[in-house]
Amino acid sequence: MKKVNYLEIEGRSGGFLALLGVLGVILLAGLVGMYHMEHNGHYVTGMDNQIVWGMPHVFAVFLIVAASGALNVASIGTVFGKAMYKPLGRLSSLLAIALLAGGLMVLVLDLGRPDRLVVAMTYYNFKSIFAWNIILYNGFFAIVVVYLWMMMQQSMNKYYKAAGFFAFFWRLILTTGTGSIFGFLVARQAYDAAIMAPMFIIMSFAFGLAIFLLVLMLGYRWTERPLGDEMVRKLKNLLGVFVAAVMYFVLVYHLTNLYATEHHGVEKFILAGESEHTTIFWFMQILVGGVAPLAILYSKLGASRMWIGIASILVILGGLAQMYVIIIGGQAYPLDIFPGMEIINSSFADGNSYHAYTPSLAETLLGISGFAVALLIVTLGVRVLRFMPDSLSDKDVDPHHKG
Amino acid sequence: MSKPEAASNGMNRRKFLGAGAATAAGLSVAPGISLISVAEAKPVDQTISSDQRWGMLIDTNKCAKGCSACVDACNDENGLNTGDEQRSRQEQKAQWIRKVDLRDKLTGHEVSLPLMCQHCENPPCVDVCPTGASFKREDNVVLVDKHICIGCRYCMMACPYKARSFIHEELTNQLEYSPRGKGTVESCTLCVHRIDEDTANPRDPACAEACNAEGHKAMIFGDLKDANSDVSKALKQHSSKAIREDLGLNPGIRYRGI
């Protein structure tokens, strides 16, 4: 194992410029969508007084959750002392910051009054988990930047372990806060569950690692730098463990709900209902986002980088589907305002079997543009600073490498 | 912003208005005849106090199915029907109070009732609001401070009664005492402008007034902390329930016959 040499990427190829161009166009489309929504008001979206959080929240929460998970690779190196992961620490931290920035951009631009962002930063109600999240998200940026600094400046290296520990604990608290946005909602049948917080943490492991694997494999392929098979094998096996763990948490969540009679309504709605949420749950979240990647990662296909890449994409799609079912599905099931009574007439859509939601193009584009922002930050980041080791070949980074 | 601060800011504004009124009095040409008069929310010598708690008892036995007098009155009073929300879909339009018809799943018994912000003692909307825009006054009226609402809609996720509406488009033609704005959340204010006219003896909210005028008299408004108020006496005499009592929110709106 030799000393790791970090290098900027050249960034002069046509491919590099094309990547920037494509991401720029997606970002622009998202901003146009945002302008359309904010200029006219949310009436141009699919959201209403029943489905108050729509597509932007699906993407924003996914990206924020994935951000904390992307930092995991760095934590494994720093906190758990796995030598092989240490060279990945810088890229992992950069990706974490980038994903959080993308997610927060979407979240903020979907506010009714995004112009009042300064109000959100200056008025705090400390009983609100949302207010805590504002502090946790801002703190995450600061801590990960310090962590990166400790890693990147040689004279500060001695502090990087402490910074890494702190960042690791902060990210656990952060994802607990994100999960608790839903866990703390007593009124809604689909939420109000303590399992939300740990489930979001395990989801972050899976989503963050899936995005990291894709960035790593594509980054090293496009820059023609060596990336060892052992490194990829370790990461893909870890991804499999995380995907299985997410499925376990989903299973426990639904089993617990199925045991309690009062939750049978919402469980039937999600698991065996007539809405799109049932299809999205079984087909997208479970099959595409869970079973299929596990089958790929733990079969012979798992030896191929192309298939590992496909499995990672499936995990991301499944994760977005899971967010959709949690966020939109949880609102689509009507509030149980009058237990034991059926609502036969209401002017405020109380009696519907479920609330329908058709996302508009504008809000979907805004959501997708969060990904573009994250990837732009990563692409430009590795161009100007030394985030990527010039080689991640097994003989260079694996302490147990024989050969 | 903490809750007492919110209340005290409101007080400062009133003091300021009071000072304005005094100045206007100084401009009067002769005693009793003034050139300028200032609209006043509430006399300065009256404060919002936790000695009072405003609430209502709604008797569903008296509430007529198909009658929407309370809803119409609320819309008129608070400027919800000025024809502004033209572009919003039905599911996007604001409603502060709505009529709901219910049927008991076991017995088939049917009731009709008005549903609005329940002005909880422990309001989840206030708990979750990141900026403190959603707040509870000392007299337990739950309101939204439109100046610091960022439009995150978390309160709408948290309210067990779906009592809040988000404004989906630009509004004009608003009433002075009932400001509303695109991108913010709003709900029933218990006609707080009427309460603040005279906290010692406030007028009924528009909904209750209209219900009385229709002759149904299904809504009794008053001070829940005053044992001699009509609402307290009625509550003491008959059994009543809060909606979603299991959540322990102690709403200020109580119902009979559900």
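Heads up: the sequence lines are chains A and B, in that order. The working numbering applies: residue 101 is where the first sequence begins, and numbers increase by one. The working numbering applies: residue 59 is where the second sequence begins, and numbers increase by one. We put the beta carbon where it would ideally sit given N, CA and C, even for glycine. Owing to the predicted nature of the structure, the values given are computational and were not obtained by experimental measurement.
Practice problem: Spell out whether any CB of chain B is found under 7 Å from the CB atom of LYS227 of chain A. | Solution: Residue 227 of chain A sits at position 127 when you count from the first residue of the first sequence. Yes, its Cβ sits closer than 7 Å to a Cβ of chain B.
inquiry  = If the criterion is Cβ atoms closer than 7 Å, does the pair GLY389 of chain A and PHE159 of chain A meet it?
reply    = Start at 1 with the first residue of the first sequence, and residue 389 of chain A comes out as number 289. Start at 1 with the first residue of the first sequence, and residue 159 of chain A comes out as number 59. Not a contact, by the Cβ cut-off of 7 Å.
- prompt: Under the three-state reduction of DSSP, which class applies to PHE224 of chain B: helix, strand or coil?
  reply: Taking the first residue of the second sequence as position 1, residue 224 of chain B is located at position 166. Here PHE224 of chain B sits in strand by DSSP.
Give me the subset of the region 226-249 of chain B whose CB atoms are less than 7 Å from a CB atom of chain A, sorted by chain position.
Per Cβ criterion, the list reads HIS226, GLU227, GLU228, LYS240, GLY241, THR242.
- [ ] Could you please give the first and the last residue of the uninterrupted alpha helix (DSSP H) stretch that includes LYS495 of chain A?
- [x] Counting from one through the first sequence, the residue named residue 495 of chain A turns up at place 395. From DSSP, the alpha helix (DSSP H) with LYS495 of chain A extends over 494-497.
Using the C-alpha atoms, what's the distance from ASP450 of chain A back to GLY151 of chain B? Residue numbering aside, residue 151 of chain B sits at position 93 when the second sequence is read from its first letter. Residue numbering aside, residue 450 of chain A sits at position 350 when the first sequence is read from its first letter. Correcting the residue type first, residue 151 of chain B is Lys in the shown sequence and not Gly. The straight-line gap separating the alpha-carbon atoms of LYS151 of chain B and ASP450 of chain A is approximately 14 Å.
Since TYR219 of chain B and ILE444 of chain A should fall inside the 8 Å C-beta cutoff, what is the C-beta to C-beta distance between them, to a whole number of angstroms? Within the second sequence, numbered from 1, the residue matching residue 219 of chain B stands at position 161. Within the first sequence, numbered from 1, the residue matching residue 444 of chain A stands at position 344. Not a contact, Cβ separation roughly 18 Å.
Could you tell me whether the region 208-225 of chain A touches the region 208-223 of chain B, where touching means 3 or more Cβ pairs closer than 8 Å?
-> In short, these stretches touch, since the Cβ pair count reaches three.
Next item on the list: Excluding the 5 residues preceding and the 5 following GLY277 of chain A in the sequence, name in chain order all residues of the same chain whose CB lies nearer than 7 Å to its CB.
Entry: Working through the first sequence from its first residue, we reach residue 277 of chain A at position 177. In its chain, beyond the 5 residues on either side, ILE229, TRP232, ASN233, LEU236 have a beta carbon closer than 7 Å to the beta carbon of GLY277 of chain A.
Q. Where does GLU376 of chain A sit, in a helix, a strand or coil, going by DSSP?
A. The count along the first sequence starts at 1 and reaches residue 376 of chain A at position 276. GLU376 of chain A: helix per DSSP, three-state reduction.
With burial defined as no fewer than 16 other Cβ atoms inside 10 Å of the residue's Cβ, what is the status of GLY121 of chain A: buried or exposed?
Here residue 121 of chain A corresponds to residue number 21 of the first sequence, with the count starting at 1. Classification of GLY121 of chain A: exposed, given that the 10 Å Cβ count is below 16.
Quiz item: Are the beta-carbon atoms of GLU321 of chain B and ARG145 of chain B separated by less than 7 Å?
Solution: Outside the shown range of chain B, which is 59 to 316, sits residue 321 of chain B, and nothing can be said about it.
Residues that DSSP places opposite GLY329 of chain B in a beta bridge:
One cannot answer for residue 329 of chain B here, as it falls past the ends of chain B, which runs 59 to 316.
- Message: Can you find the residues in the same chain that come closer than 7 Å, C-beta to C-beta, to LEU394 of chain A, ignoring five residues on each side of it along the sequence?
- Response: Along the first sequence, read from residue 1 onward, the residue named residue 394 of chain A stands at position 294. Annotation for LEU394 of chain A: GLY340, VAL343, ALA344 place their beta carbon closer than 7 Å to its own, counting only its chain and skipping 5 residues before and after.
> Is the beta carbon of GLN110 of chain B sitting closer than 7 Å to the one on ILE311 of chain B?
Replying inline: As a first step, residue 110 of chain B must be located in the second sequence, where it is residue number 52. As a first step, residue 311 of chain B must be located in the second sequence, where it is residue number 253. 7 Å or more divides the Cβ of GLN110 of chain B from the Cβ of ILE311 of chain B.
| Rounded C-alpha distance that separates ASN105 of chain A from TRP153 of chain A | Residue mapping note: residue 105 of chain A aligns to position 5 of the first sequence, counting from 1. Residue mapping note: residue 153 of chain A aligns to position 53 of the first sequence, counting from 1. Taking the straight line joining both Cα atoms gives about 45 Å.
So if DSSP puts ARG312 of chain B in a beta bridge, which residue, or which two residues, is it bridged to? Residue mapping note: residue 312 of chain B aligns to position 254 of the second sequence, counting from 1. Paired residue(s): B:LEU115.
Check: By how many angstroms is the C-alpha of VAL425 of chain A removed from the C-alpha of ALA285 of chain B?
Finding: On the second sequence, position 227 is the one that residue 285 of chain B refers to. On the first sequence, position 325 is the one that residue 425 of chain A refers to. Between the alpha carbons of ALA285 of chain B and VAL425 of chain A lies a gap of roughly 49 Å.
Can the beta-carbon of THR146 of chain A be found closer than 7 Å to that of PRO459 of chain A?
Locating residue 146 of chain A in the first sequence gives position 46, counting from the first residue. Locating residue 459 of chain A in the first sequence gives position 359, counting from the first residue. A small fix is needed here, since residue 146 of chain A is Gly in this sequence, not Thr. Their beta carbons are under 7 Å apart, which means GLY146 of chain A touches PRO459 of chain A by this criterion.
Exercise for review: Reducing DSSP to helix, strand and coil, say where LYS299 of chain B ends up.
Suggested key: Position 241 of the second sequence holds residue 299 of chain B. Here LYS299 of chain B sits in strand by DSSP.
Cα-Cα separation between ILE151 of chain A and SER192 of chain B, rounded to whole angstroms:
Counted from its first residue, the first sequence places residue 151 of chain A at position 51. Counted from its first residue, the second sequence places residue 192 of chain B at position 134. Rounded to the nearest angstrom, the two C-alpha atoms are 20 Å apart.
Any C-beta of chain A sitting closer than 7 Å to the C-beta of HIS272 of chain B? If you number the second sequence from 1, residue 272 of chain B lands on position 214. Sequence inspection shows Glu at residue 272 of chain B; the His mentioned does not correspond to that position. By this cut-off, GLU272 of chain B is not an interface position.
Check: GLY283 of chain A C-beta below 6 Å from any heavy atom of the ligand GTP
Only the bare structure without any ligand can be found here, which leaves the ligand GTP out of the picture.
field: In DSSP terms, what MET441 of chain A is bridged to
entry: The sequence position of residue 441 of chain A within the first sequence is 341, counting from 1. Assignment of beta-bridge partners to MET441 of chain A by DSSP yields B:ASP162.
When DSSP labels each residue in this structure, what does ALA88 of chain B get in the three-state scheme?
The residue labelled residue 88 of chain B in the question sits at position 30 within the second sequence. Caution applies to ALA88 of chain B, whose pLDDT of 49 falls short of 50 and renders its modelled position unreliable; the value that the coordinates give is listed next. In the structure shown, ALA88 of chain B sits in a strand (DSSP, three-state: E or B).
Please identify, using Cβ separations under 7 Å, the residues of the region 182-200 of chain B that lie next to chain A, in order along the chain.
Correct list: PRO182, ASP185, VAL186, CYS187, PRO188, THR189, GLY190.
### Query
The beta strand (DSSP E) spanning VAL104 of chain A covers which residue range?
As a working note, residue 104 of chain A is residue 4 in the first sequence. Note, VAL104 of chain A: premise wrong, no beta strand (DSSP E); not H, not E.
Check your understanding: Can a CB atom of chain E be found closer than 7 Å to the CB of MET277 of chain B?
Key -> In the structure shown, chain E cannot be found, because the protein chains are A and B.
key: Among B:CYS269, B:CYS213, B:ARG195, B:ARG238, nearest to ILE253 of chain B - alpha-carbon criterion   = Along the second sequence, read from residue 1 onward, the residue named residue 253 of chain B stands at position 195. Ranking B:CYS269, B:CYS213, B:ARG195, B:ARG238 by Cα distance to ILE253 of chain B puts B:ARG195 first.
* Asked: Looking at C-beta atoms only, is the number of pairs between the region 345-364 of chain A and the region 396-403 of chain A that lie closer than 8 Å three or more?
  -> Under the Cβ criterion (8 Å, minimum of three pairs), the region 345-364 of chain A does not count as touching the region 396-403 of chain A.
Query raised in the report: Where PRO499 of chain A and MET296 of chain A are concerned, what is the direct C-alpha to C-alpha distance, given to the nearest angstrom?
Result: As a first step, residue 499 of chain A must be located in the first sequence, where it is residue number 399. As a first step, residue 296 of chain A must be located in the first sequence, where it is residue number 196. So the two alpha carbons sit approximately 38 Å from each other.
Query raised in the report: Rounded to a whole number of angstroms, what is the C-alpha to C-alpha distance between MET384 of chain A and LYS400 of chain A?
Result: Indexing the first sequence from 1 puts residue 384 of chain A at position 284. Indexing the first sequence from 1 puts residue 400 of chain A at position 300. Approximately 23 Å between the Cα atoms of the pair.
Item to check | Between the CA atoms of ASP117 of chain B and VAL39 of chain B - distance to the nearest angstrom | outcome: The requested residue 39 of chain B does not occur in the structure, where chain B is confined to residues 59 to 316.
Between the C-alpha atoms of VAL161 of chain A and MET423 of chain A, what's the straight-line distance to the nearest angstrom? Against the first sequence, residue 161 of chain A aligns to sequence position 61. Against the first sequence, residue 423 of chain A aligns to sequence position 323. MET423 of chain A has its alpha-carbon roughly 8 Å from the corresponding atom of VAL161 of chain A.
For the region 293-304 of chain B, which residues have a beta carbon sitting closer than 7 Å to at least one beta carbon of chain A? Correct list: ILE301, ARG302.
Query raised in the report: Sorted by chain position, which residues of the same chain lie with C-beta nearer than 7 Å to HIS455 of chain A's C-beta, five sequence neighbours on each side aside?
Result: By one-based count along the first sequence, residue 455 of chain A stands at place 355. Shown here for HIS455 of chain A: same chain residues with a beta carbon closer than 7 Å to its own, the five before and five after excluded, namely GLN150, ILE151, GLN431, ALA432, PRO434, ALA449 in chain order.
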